[in-house]
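For reference, the structure discussed in these notes is given below.
Protein chains: 2
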Amino acid sequence: MADNLTSRKQDYSQWYNDLVLKGGLAEHSDVRGCMVIKPYGYALWENMRDVLDKMFKDTGHQNAYFPLFIPKSYLSKEASHVEGFAKECAVVTHYRLKNAPDGSGVIVDPDAKLEEELIVRPTSETIIWSTYKGWVQSYRDLPILVNQWANVVRWEMRTRLFLRTAEFLWQEGHTAHATKEEAIAETVQMLDVYATFVEEYMALPVIKGVKTANERFAGAEDTYCIEALMQDGKALQAGTSHFLGQNFAKAFDVKFADKNNNIEYVWATSWGVSTRLIGALIMAHSDDEGLVMPPRIAPLQVVIVPIYNKDADARQKIDDKANALVKELRAQGIRVKYDNDDTTRPGWKFAEYELRGVPVRIALGARDLENNVAEVARRDEKTKASVSLDGLTAHVDNLLQEIQSNMYNKALAFRNEHITKVDNWDDFVKTLDEKTGFVAAHWDGTAETEDKIKDLTKATIRCIPLNNEQEAGVCVLTGKPSTQHVLFARAY
Amino acid sequence: MADNLTSRKQDYSQWYNDLVLKGGLAEHSDVRGCMVIKPYGYALWENMRDVLDKMFKDTGHQNAYFPLFIPKSYLSKEASHVEGFAKECAVVTHYRLKNAPDGSGVIVDPDAKLEEELIVRPTSETIIWSTYKGWVQSYRDLPILVNQWANVVRWEMRTRLFLRTAEFLWQEGHTAHATKEEAIAETVQMLDVYATFVEEYMALPVIKGVKTANERFAGAEDTYCIEALMQDGKALQAGTSHFLGQNFAKAFDVKFADKNNNIEYVWATSWGVSTRLIGALIMAHSDDEGLVMPPRIAPLQVVIVPIYNKDADARQKIDDKANALVKELRAQGIRVKYDNDDTTRPGWKFAEYELRGVPVRIALGARDLENNVAEVARRDEKTKASVSLDGLTAHVDNLLQEIQSNMYNKALAFRNEHITKVDNWDDFVKTLDEKTGFVAAHWDGTAETEDKIKDLTKATIRCIPLNNEQEAGVCVLTGKPSTQHVLFARAY
Numbered sequence: 000m001a002d003n004l005t006s007r008k009q010d011y012s013q014w015y016n017d018l019v020l021k022g023g024l025a026e027h028s029d030v031r032g033c034m035v036i037k038p039y040g041y042a043l044w045e046n047m048r049d050v051l052d053k054m055f056k057d058t059g060h061q062n063a064y065f066p067l068f069i070p071k072s073y074l075s076k077e078a079s080h081v082e083g084f085a086k087e088c089a090v091v092t093h094y095r096l097k098n099a100p101d102g103s104g105v106i107v108d109p110d111a112k113l114e115e116e117l118i119v120r121p122t123s124e125t126i127i128w129s130t131y132k133g134w135v136q137s138y139r140d141l142p143i144l145v146n147q148w149a150n151v152v153r154w155e156m157r158t159r160l161f162l163r164t165a166e167f168l169w170q171e172g173h174t175a176h177a178t179k180e181e182a183i184a185e186t187v188q189m190l191d192v193y194a195t196f197v198e199e200y201m202a203l204p205v206i207k208g209v210k211t212a213n214e215r216f217a218g219a220e221d222t223y224c225i226e227a228l229m230q231d232g233k234a235l236q237a238g239t240s241h242f243l244g245q246n247f248a249k250a251f252d253v254k255f256a257d258k259n260n261n262i263e264y265v266w267a268t269s270w271g272v273s274t275r276l277i278g279a280l281i282m283a284h285s286d287d288e289g290l291v292m293p294p295r296i297a298p299l300q301v302v303i304v305p306i307y308n309k310d311a312d313a314r315q316k317i318d319d320k321a322n323a324l325v326k327e328l329r330a331q332g333i334r335v336k337y338d339n340d341d342t343t344r345p346g347w348k349f350a351e352y353e354l355r356g357v358p359v360r361i362a363l364g365a366r367d368l369e370n371n372v373a374e375v376a377r378r379d380e381k382t383k384a385s386v387s388l389d390g391l392t393a394h395v396d397n398l399l400q401e402i403q404s405n406m407y408n409k410a411l412a413f414r415n416e417h418i419t420k421v422d423n424w425d426d427f428v429k430t431l432d433e434k435t436g437f438v439a440a441h442w443d444g445t446a447e448t449e450d451k452i453k454d455l456t457k458a459t460i461r462c463i464p465l466n467n468e469q470e471a472g473v474c475v476l477t478g479k480p481s482t483q484h485v486l487f488a489r490a491y
Numbered sequence: 000m001a002d003n004l005t006s007r008k009q010d011y012s013q014w015y016n017d018l019v020l021k022g023g024l025a026e027h028s029d030v031r032g033c034m035v036i037k038p039y040g041y042a043l044w045e046n047m048r049d050v051l052d053k054m055f056k057d058t059g060h061q062n063a064y065f066p067l068f069i070p071k072s073y074l075s076k077e078a079s080h081v082e083g084f085a086k087e088c089a090v091v092t093h094y095r096l097k098n099a100p101d102g103s104g105v106i107v108d109p110d111a112k113l114e115e116e117l118i119v120r121p122t123s124e125t126i127i128w129s130t131y132k133g134w135v136q137s138y139r140d141l142p143i144l145v146n147q148w149a150n151v152v153r154w155e156m157r158t159r160l161f162l163r164t165a166e167f168l169w170q171e172g173h174t175a176h177a178t179k180e181e182a183i184a185e186t187v188q189m190l191d192v193y194a195t196f197v198e199e200y201m202a203l204p205v206i207k208g209v210k211t212a213n214e215r216f217a218g219a220e221d222t223y224c225i226e227a228l229m230q231d232g233k234a235l236q237a238g239t240s241h242f243l244g245q246n247f248a249k250a251f252d253v254k255f256a257d258k259n260n261n262i263e264y265v266w267a268t269s270w271g272v273s274t275r276l277i278g279a280l281i282m283a284h285s286d287d288e289g290l291v292m293p294p295r296i297a298p299l300q301v302v303i304v305p306i307y308n309k310d311a312d313a314r315q316k317i318d319d320k321a322n323a324l325v326k327e328l329r330a331q332g333i334r335v336k337y338d339n340d341d342t343t344r345p346g347w348k349f350a351e352y353e354l355r356g357v358p359v360r361i362a363l364g365a366r367d368l369e370n371n372v373a374e375v376a377r378r379d380e381k382t383k384a385s386v387s388l389d390g391l392t393a394h395v396d397n398l399l400q401e402i403q404s405n406m407y408n409k410a411l412a413f414r415n416e417h418i419t420k421v422d423n424w425d426d427f428v429k430t431l432d433e434k435t436g437f438v439a440a441h442w443d444g445t446a447e448t449e450d451k452i453k454d455l456t457k458a459t460i461r462c463i464p465l466n467n468e469q470e471a472g473v474c475v476l477t478g479k480p481s482t483q484h485v486l487f488a489r490a491y
């Protein structure tokens with residue numbers, strides 16, 4: 000299979016597309032910009048969702064579900080929010096079709112025009128805060144700690160599977176608090192949850208930081224983010240957590256009586272990660288042979304492939320041993336499959352599971368059985384070893400953990416090598432073009448300079464890292480005074 | 000709380016609404032016909048979803064995700080499907096808003112009109128079969144056993160929370176097979192899965208049957224269904240499983256080469272249950288004091304309420320014992336909450352958890368502790384007993400099982416009492432009006448008679464039960480010959 004894959008060197012972007020398609024994760028649908036998430040890709044998303052969902056619940060959140068549609072006027076209630084989201088969106092204007100008079104099919108019934116158009120949610124702050132108005136009267140009703148798993152639609156003009164699609168799946172947390180401090184603490188807590196998830200489960204190191212005003216969520220006072228680095232040296236925003244201040248409470252008139260019976264506006268946060276994370280996972284870990292899945296969220300962690308010869312008796316022995324192994328591994332909570340499909344050869348299966356990124360492959364032949372061993376191959380390093388069948392389950396269990404750490408450490412080393420401190424414009428441009436990755440540079444703190452740098456280099460400020468070191472310097476572009484290096488990069 | 004509830008006798012429909020709203024399950028949103036599923040209602044849905052999802056996976060299915068939008072022309076490709084679904088649907092005609100010239104907000108940008116309108120999926124057969132075309136070439140690609148958890152939209156004019164909403168959540172299985180027999184076996188298998196789920200988890204007995212042509216899914220050759228009976232004697236269709244024949248394969252040109260290299264159309268099924276099941280759950284089990292949740296899917300199975308007196312020392316002892324109990328019950332896998340909120344009184348809590356239908360309530364006071372007992376109340380029978388604290392966890396575990404069976408048996412007895420065999424028109428009408436429930440009657444097998452009976456009585460044929468007894472008779476309306484009794488009822 001790998002023969003048909005484009006290599007990273009040849010064409011990074013095509014390589015990515017090849018992996019998504021040939022790895023069986025997703026494909027384009029007939030609806031422009033919308034993807035079909037195939038069973039293998041969806042199983043990955045389910046694993047990610049289940050871990051995140053547990054982390055949300057462990058931090059006191061509950062799930063709920065709000066309408067898909069948002070009345071058009073709601074978007075306008077928060078001034079900067081409408082600027083950010085109203086522009087490219089799916090607009091429902093009618094609620095009925097009818098038969099075409101000429102019998103050619105169905106047409107929109109002009110009599111069924113909505114009084115007010117509905118927008119397919121691009122994000123749900125407005126419909127949720129209009130709901131919270133009914134839920135909050137006093138401090139006793141706070142905090143509200145609610146999360147929603149949902150589909151959202153943003154009418155992107157240029158789409159890429161997982162990374163930027165018109166419809167995508169995500170979760171959006173929307174919380175309401177009595178105090179500013181509590182809301183900020185929640186914002187930071189959820190950023191930490193995201194960072195923990197991406198680092199410990201996706202094996203992908205992230206930098207936690209705050210966005211500049213330019214890159215802030217439309218309607219937020221502050222946007223916290225985690226930024227990851229892809230193998231081509233471009234950054235990818237892997238999750239955001241927004242402190243929304245009282246903006247949406249004011250837009251939707253959500254007030255509460257505090258303990259002293261003073262009436263105050265409620266404080267808000269929102270935070271989300273999406274199927275975009277799957278794009279990050281692919282681009283951070285995969286290689287020219289295919290996907291490389293981190294064991295903790297891999298849909299399939301171990302595959303066992305029989306190497307049959309023509310001896311029916313030997314064949315039966317292999318099947319028996321493999322089935323026993325499957326049972327043992329499953330009992331350890333390991334996701335394993337025995338692929339004894341007769342219609343494909345072992346070599347084809349090897350390539351196929353390599354392409355799909357299954358962390359561990361066990362091959363089992365008649366001679367192996369005689370020697371009481373199996374051939375165990377690891378996907379991350381593409382090495383294999385002959386391992387005793389005694390204690391194989393424990394060996395595999397350890398190996399999965401080792402692969403998980405190894406993948407994280409490799410990504411971390413790559414990321415750390417690709418944070419470059421520069422102190423003049425020539426180095427800034429040169430680093431971006433040649434070395435790529437994050438460029439840490441002094442910046443004068445103005446939106447104008449940020450815009451100009453973006454125009455000149457396509458690099459944006461990915462974030463101002465949390466607890467960033469403060470040191471006097473001068474802006475890499477304007478020479479004006481600056482107090483800290485911030486992280487620039489070209490980004491997805 | 001119960002004081003504010005409408006009783007079933009007073010106004011069944013209002014009683015239902017009161018339970019949904021005051022029980023904290025859902026509420027109307029600002030978007031006509033769309034509901035907000037509140038955390039308690041969503042937790043119930045999650046429990047239902049998780050059980051069903053496991054049953055689907057245990058029968059070999061995988062989840063995937065297909066686009067929210069369906070090109071308008073796709074609906075027309077299957078002739079009866081478009082009749083059933085194109086009429087009342089949300090139509091996306093534009094993909095951009097812009098600022099109103101008068102500064103009054105945002106308006107639809109007339110320049111951003113879609114070439115072809117998109118329909119928000121009312122069901123996904125068309126978009127899925129257009130996708131399957133790319134997945135199937137040979138018999139080796141079959142069967143496809145895929146399920147999707149998704150939101151769908153049907154523009155209902157009269158909506159009721161959970162029972163009939165414009166947007167609802169559901170799952171839709173879509174499978175593709177090489178033979179007719181295999182597809183029919185799949186249809187029946189999934190009907191059995193639904194029946195098992197509804198009976199064993201929701202404690203609600205169902206009748207399995209086949210719909211008449213009138214009541215068939217638009218595009219199906221046969222619709223299998225499970226029908227449940229509500230406390231007001233009306234039936235509710237709790238799930239459907241469709242044998243689609245080759246209709247969608249023909250509409251989307253999905254063919255495969257069989258083992259002999261003959262090119263054939265693929266055979267299809269689809270099957271679904273939705274958040275409507277929550278409506279059935281409420282109407283089948285609840286009483287005038289509130290909801291009654293079947294233990295196996297109850298969001299909360301046990302609540303412990305402390306009965307404090309003013310002695311701080313006694314208070315501490317109650318807290319300690321309650322926390323130890325929580326730990327023990329959780330270790331048994333029981334969903335339990337200790338409600339020691341100081342701002343509400345025990346009596347208020349009792350009513351609140353009664354309203355919410357929590358199966359078991361444990362009250363714990365100082366005197367109870369002295370006597371080494373707790374007061375254990377069961378929601379279904381509204382009885383309470385003093386139970387020794389020794390072995391309380393085992394007692395509760397048994398009690399939950401007993402409540403689950405008791406709820407099922409009560410519903411079963413009610414349902415069985417409400418299946419009435421009638422052999423003439425007067426009895427038919429009288430039974431429908433006075434006794435209510437299912438009426439088993441001979442029917443001449445024609446759509447005309449079925450329609451006429453519906454016009455006269457509002458009763459429809461809910462199903463022809465599977466393995467229905469064959470016996471000669473005459474149609475209750477027309478007197479024409481008939482071979483079997485079929486089940487009529489007024490229905491939700």
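Quick note, the sequences are listed as chains A and B, same order. Residue numbers for the first sequence follow the numbering used here, so the first one is 0 and each next one is one higher. Residue numbers for the second sequence follow the numbering used here, so the first one is 0 and each next one is one higher. The C-beta atom is built at its ideal place from N, Cα and C for all residues, glycine as well. Since we're looking at a predicted model, the values are computed, not measured.
Residue i versus residue j - alpha carbon distance
| i | j | result |
| --- | --- | --- |
| L476(A) | I452(A) | 7 angstroms |
| H173(A) | T130(A) | 11 angstroms |
| K326(B) | G390(B) | 14 angstroms |
| E82(A) | L96(B) | 10 angstroms |
| T268(A) | I333(B) | 32 angstroms |
| S103(A) | F84(B) | 17 angstroms |
| V301(B) | P294(B) | 9 angstroms |
| S481(A) | V265(A) | 35 angstroms |
| K179(B) | E77(B) | 19 angstroms |
Exposure label - residue i; buried when at least 16 CB within 10 Å
| i | result |
| --- | --- |
| G22(A) | buried |
| S28(B) | buried |
| G289(A) | buried |
| Q13(A) | exposed |
| W347(B) | exposed |
| P464(A) | buried |
Proximity below 8 angstroms, CB of residue i to CB of residue j
| i | j | result |
| --- | --- | --- |
| Y200(A) | S240(A) | no |
| E171(A) | F247(A) | no |
| P358(B) | L399(B) | yes |
| W148(B) | S273(B) | no |
Close Cβ partners of residue i (< 8 angstroms) along its chain, the five nearest in sequence each way excluded
| i | result |
| --- | --- |
| E155(A) | G32, E87, R163, T164, A165 |
Where residue i falls: helix, strand or coil (DSSP)
| i | result |
| --- | --- |
| I281(B) | helix |
| Q61(B) | strand |
| R47(A) | Sequence check: residue 47(A) is Met here, not Arg. If DSSP states are grouped into helix, strand and coil, M47(A) belongs with the helices. |
| M0(A) | Unreliable placement is indicated for M0(A), whose pLDDT of 45 sits below 50; no coordinate value is reported for it. |
| S481(A) | strand |
| I333(A) | coil |
| G244(B) | strand |
| V187(A) | helix |
Close Cβ partners of residue i (< 7 angstroms) along its chain, the five nearest in sequence each way excluded
| i | result |
| --- | --- |
| D367(A) | A373, E374 |
| C462(A) | I206, G208, V209, K210, C224, E226, L486 |
| G232(A) | H417, T435, G436 |
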